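In this text, residue positions in the sequence shown follow my numbering: the first is 3, and each later residue adds one.
Heads up, the thing below is written out as structure tokens.
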Amino acid sequence: MTGRRVEVGGAWIDRSRPIGFTFDGRELTGFEGDTLASALLANGIDVVCRSPILGRPRGIVSAGVEESSAFVEVSEPRFEPIVAATMVNLVDGLVATGRPGVGVLPFDPPPTTPTLHRHAHVEVLVVGSGEGWRPAVEEAAQRGDRVLLVEREPRLAAAGDGVTVLTNATALGLYDDGYAVVHERGPGRDTLWHVRAGRVILATGAHERPIAFADDDRPGVMLAGAVRTYLERFGVLPGERVVVFTTNASTDGLSDLLRQAGAEVAAEADVREGWAVAGTDGDPHVEAVHLVGPEGERRTVEADLVAVSGGWNPAAQLSRAIGGGLRYEEALATYVPDGTGPDWLEVVGTVAGVGLPPSAPYWYTPADDLSTHFVDLQRDQTVQDVLDAVEGGLRSVEHVKRATYIGTAIDQGRTSGVLAAEIVNAALGWELGAQGPTNARPPYVPVPFSVLAGMDRGPALLDPKRTTPIHGAHVESGAVFENVGQWLRPRYFPEDGEDLDAAVERECLAVRNAAGALDASTLGKIEVVGSDAAVFLDRMYTNRMSNLAVGSIRYGFMLGLDGMVLDDGVAMRLAEDRYLVTTTTGGAAAVLDRFEEWLQTEWPELRVVCTSVTEQWAVVAVGGPGARYVVTKIGTDLDLAAEAFPWMTWREGTVAGVPSRVCRVSFHGELSYELHVSSWHGRHVWDAVVAAGAVPYGTEAMHVLRAEKGYVIVGQETDGTVTPDDLGMGWIVNPSKGDFVGKRSLVRADTLRKDRKQLVALLPKDPTALVVEGAQLVRSADLPAPPVPMLGHVTSSYRSAILERTFALAMLKDGRAMRGGTVWATSGGHMIACEVTDPVVYDPEDGRRDG
3 MTGRRVEVGG AWIDRSRPIG FTFDGRELTG FEGDTLASAL LANGIDVVCR
53 SPILGRPRGI VSAGVEESSA FVEVSEPRFE PIVAATMVNL VDGLVATGRP
103 GVGVLPFDPP PTTPTLHRHA HVEVLVVGSG EGWRPAVEEA AQRGDRVLLV
153 EREPRLAAAG DGVTVLTNAT ALGLYDDGYA VVHERGPGRD TLWHVRAGRV
203 ILATGAHERP IAFADDDRPG VMLAGAVRTY LERFGVLPGE RVVVFTTNAS
253 TDGLSDLLRQ AGAEVAAEAD VREGWAVAGT DGDPHVEAVH LVGPEGERRT
303 VEADLVAVSG GWNPAAQLSR AIGGGLRYEE ALATYVPDGT GPDWLEVVGT
353 VAGVGLPPSA PYWYTPADDL STHFVDLQRD QTVQDVLDAV EGGLRSVEHV
403 KRATYIGTAI DQGRTSGVLA AEIVNAALGW ELGAQGPTNA RPPYVPVPFS
453 VLAGMDRGPA LLDPKRTTPI HGAHVESGAV FENVGQWLRP RYFPEDGEDL
503 DAAVERECLA VRNAAGALDA STLGKIEVVG SDAAVFLDRM YTNRMSNLAV
553 GSIRYGFMLG LDGMVLDDGV AMRLAEDRYL VTTTTGGAAA VLDRFEEWLQ
603 TEWPELRVVC TSVTEQWAVV AVGGPGARYV VTKIGTDLDL AAEAFPWMTW
653 REGTVAGVPS RVCRVSFHGE LSYELHVSSW HGRHVWDAVV AAGAVPYGTE
703 AMHVLRAEKG YVIVGQETDG TVTPDDLGMG WIVNPSKGDF VGKRSLVRAD
753 TLRKDRKQLV ALLPKDPTAL VVEGAQLVRS ADLPAPPVPM LGHVTSSYRS
803 AILERTFALA MLKDGRAMRG GTVWATSGGH MIACEVTDPV VYDPEDGRRD
853 G
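The structure is reproduced here in structure tokens:
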């Protein structure tokens, strides 16, 4: 294949305006109006890239969006990691390289110019400039209707008065009620159009279909229509000795055009006359073509180009994606729109099958070895791969698609879809058209995510940052933040240049000795309302919630179907038919989804409504021996005495002059009041609490305080393999209350094993040694030969200011039986001896929770 520029044709290029570009490090020249594909062919470049799976050399096959072989990476003038060479308009300074097959895309592609998003409202939208659209458009324009024509090519003949034309624009998809999304590629900036049309006319034309034969992927095998296009539009002759292989009349006149351009036509293989191409030879491009005749006779001709036409497939992907169907048209040996679909959509011209040449139904040239008869070039899938899928029991072309990946590459099966469908039909002994190509989905062509993003860019799109109503106060206090379930939570509040350790020690001592304040607004909060609310919660939690008195609070676990801890929180009974349940910060959305799933799919008869109210409430948790003093000082009409307001109850009243729901719950073992107020009042209450003497503390101090009391964090002490009993909390499971999610799994033999990992605390023999979280636990410092038996792992490890030593929580095999014993933690390459003890290392008698 020795492509070159010729004097014949070239209607789309300006030979007086050369353009310099670089491909694979070579400086080359094309003309204004070229595509990268036409310029490469004009420079005699036949091998553009390697196939992704087999690494076979690949050249240019088509001249448009149906390209399934030649893919490049463009680095200048704007980065595109993988794009068909046929879809790249040549511009001065363009730099591209052929895709190497299997590889790794850049992690940090260069920034692109933000895409504009624009909107258009028209009476008529025309997609494509194929045959048949002009009469309807002229009539609409005469009525004064707004008409928009979208054409993916860079130029278009006159569309007529009253018609707005977008060139270099592709309709990505059609949606309900005449809504279309259009990607317009500009020289400097792209535009994404959102078009609302009363009527859509589809004139997208048709794509030529290849024929499979041995080594049909070799550079130099091209669609016949593409050969004609490169000659007529770009003045490029893709080869010097040509074999024309056809099933239809669309190739009539091609041989004369080739001879006029200076090429030699070595052979014409017409399936209708019994001749076919059996295969090609050459390295790496076509050098010889093997022909087979009607009587089985064979001959070989020297050639560097095979121009193939196996018929034409209407480009009906957009209509199919919006509900339009297909029917098999025997005369055309292809599938055409069947007239179904939305009433606002009209399909005209060749996309409707009108004007397409009749074709013989010929999909591949038979051979003993079909392993190089390629059907989908980008997926490296052959006729043999399709037959193997059928032999394996697959019948539906949709299943074959998923087994072979045919039709899933960038071209979305434009050239391979009908071939694959008819190969499957034939293999099953079914008639032609028994099942057609696989379903089409938008987008019609690949679209960069940057185009969809438009001007809306930045890290916030990747991971939204949520803040509480008190966030401003934390910023003013100089808090250091961490991300917790997308929420920005204060990790610690440094004072006077404190580092993390110093700040956390001060904050912990404030809670243990005086009073601290924590912003707990991020905890998930879900109202469960309805006459069956109690029944529902009994089924979702391990313990009974139906006998909870109004005004009381109960802690509970939710389990997965496997009996493992999924989330935890408290339930507050607000009324006989109304509960407020809390979740972990990161689990709020998942728990609400879980509630809805069970209500909708398993228990639709229950009269229950679940509503997220997380952002309606700001929560200030005041904890420590001085908590009662702080809440009293900021003003309240509630009796805060332990006898009047016991632990695990709630009251409604006024705090700091605003309505509040106050809860006696504690995540650190000290006296604690959670002040739930409207989010509007959150900052006011926080400021009042801090002014009254409460020391702000963050999540790091909270972790230390809760670990001293042996309180678990779901996701830290648990990992999806932990049951309530493993945590020493078998008491939280009520087996007598009836069924609940996960109940059956709690009595599986594996769940009842005595050697399961159980929650314990570890006290390093050296009280200054800090064990690394995640450290493995072993029985002795003298390790045996690998594999070393592991007894468990460390889940949390801290320095305790109140204990004046380090400690850790761990999951240890049969841990409760090992209390008082010694295990060794592997930490940073050395071993730390640790005493195994009860998880509660501070105030095990709970003597401090009432103040």
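Note that beta-carbon positions come from the ideal geometry of N, C-alpha and C, so glycine has one too.
This structure is a prediction, so every number in the text was calculated from the model and none was measured.
According to DSSP, residues forming a beta bridge with residue i
{"i": "L490", "result": "N485"}
{"i": "W652", "result": "C665"}
{"i": "M574", "result": "I555, L582"}
{"i": "L511", "result": "Answer by DSSP bridge pairing: none, since L511 is not bridged."}
{"i": "N91", "result": "T37"}
{"i": "A309", "result": "M224, V246"}
{"i": "D569", "result": "M560"}
{"i": "W619", "result": "S680"}
{"i": "P339", "result": "L328"}
{"i": "K527", "result": "T584"}
Own chain residues within Cβ distance below 7 angstroms of residue i, not counting five before or after
{"i": "L640", "result": "F647, R653, G655, V664"}
{"i": "G343", "result": "S321, I324, G325, G326"}
{"i": "A858", "result": "With the chain represented from 3 up to 853, any question about residue 858 goes unanswered, as that position is not in the structure."}
{"i": "S668", "result": "G625, S674, R851"}
{"i": "Y364", "result": "I213, T249, V273, G312"}
{"i": "R493", "result": "V482, F483, E484, G700, T701, E702"}
{"i": "A658", "result": "I636, G637, H686, V687, A690"}
N-terminal and C-terminal residue of the alpha helix (DSSP H) that residue i is part of
{"i": "G717", "result": "Counting along the chain, G717 falls outside any alpha helix (DSSP H), and DSSP gives it neither H nor E."}
{"i": "I834", "result": "Careful: I834 lies outside any alpha helix (DSSP H), inside the beta strand (DSSP E) at 832 to 839."}
{"i": "N427", "result": "419 to 429"}
{"i": "I636", "result": "629 to 636"}
{"i": "A536", "result": "535 to 542"}
{"i": "S802", "result": "Taken as a continuous stretch (DSSP letters only), S802 belongs to no alpha helix (DSSP H), being part of the beta strand (DSSP E) at 794 to 802."}
{"i": "H670", "result": "It is not in any alpha helix (DSSP H) - H670 carries neither H nor E in the DSSP assignment."}
DSSP three-state assignment for residue i, whether helix, strand or coil
{"i": "I213", "result": "coil"}
{"i": "M731", "result": "coil"}
{"i": "E710", "result": "helix"}
{"i": "A59", "result": "The residue asked about is misnamed: residue 59 is Pro in this sequence, not Ala. Residue state, collapsed to three classes: strand."}
{"i": "F597", "result": "helix"}
{"i": "P102", "result": "coil"}
{"i": "S479", "result": "coil"}
{"i": "V385", "result": "helix"}
{"i": "F73", "result": "strand"}
{"i": "F376", "result": "strand"}
{"i": "Y364", "result": "coil"}
{"i": "R235", "result": "helix"}
{"i": "T282", "result": "strand"}
Segment limits, beta strand (DSSP E) that includes residue i
{"i": "E676", "result": "674 to 680"}
{"i": "A763", "result": "759 to 766"}
{"i": "H82", "result": "The sequence shown places Glu at residue 82, rather than the His named in the question. Here the beta strand (DSSP E) through E82 covers 82 to 86."}
{"i": "I203", "result": "193 to 204"}
{"i": "P20", "result": "16 to 25"}
{"i": "M813", "result": "807 to 815"}
{"i": "W826", "result": "824 to 829"}
{"i": "D1", "result": "The displayed coordinates of the chain run from 3 to 853. Any statement about residue 1 would go beyond what the structure contains."}
{"i": "L320", "result": "Note, L320: premise wrong, no beta strand (DSSP E); alpha helix (DSSP H) at 319 to 323."}
Proximal residues to residue i (C-beta, below 6 angstroms), its chain only, five neighbours per side dropped
{"i": "D371", "result": "none"}
{"i": "E400", "result": "T440"}
{"i": "R154", "result": "T172"}
{"i": "G32", "result": "I21, A41, L92"}
{"i": "G227", "result": "E210"}
{"i": "A429", "result": "L389, V392"}
Closer than 8 angstroms to chain D by CB, residue i
{"i": "T193", "result": "The structure shown contains no chain D; it is built from a single protein chain."}
CB-CB length for residue i against residue j, believed under 8 angstroms
{"i": "T585", "j": "L525", "result": "7 angstroms"}
{"i": "R198", "j": "H123", "result": "5 angstroms"}
{"i": "G794", "j": "K767", "result": "With 8 angstroms as the limit, G794 and K767 do not qualify as a contact, their Cβ atoms being about 18 angstroms apart."}
{"i": "A573", "j": "L539", "result": "6 angstroms"}
{"i": "A803", "j": "E507", "result": "4 angstroms"}
{"i": "D306", "j": "G264", "result": "Not confirmed; about 13 angstroms, so no contact."}
Cβ shell of residue i (< 8 angstroms), same chain only, five flanking positions each side left out
{"i": "H375", "result": "A214, F215, A216, D218, Y366, T367, A369, T384, V385, Q386"}
{"i": "G394", "result": "A405"}
{"i": "G695", "result": "A516, A517, G628, Y631, V632, K635"}
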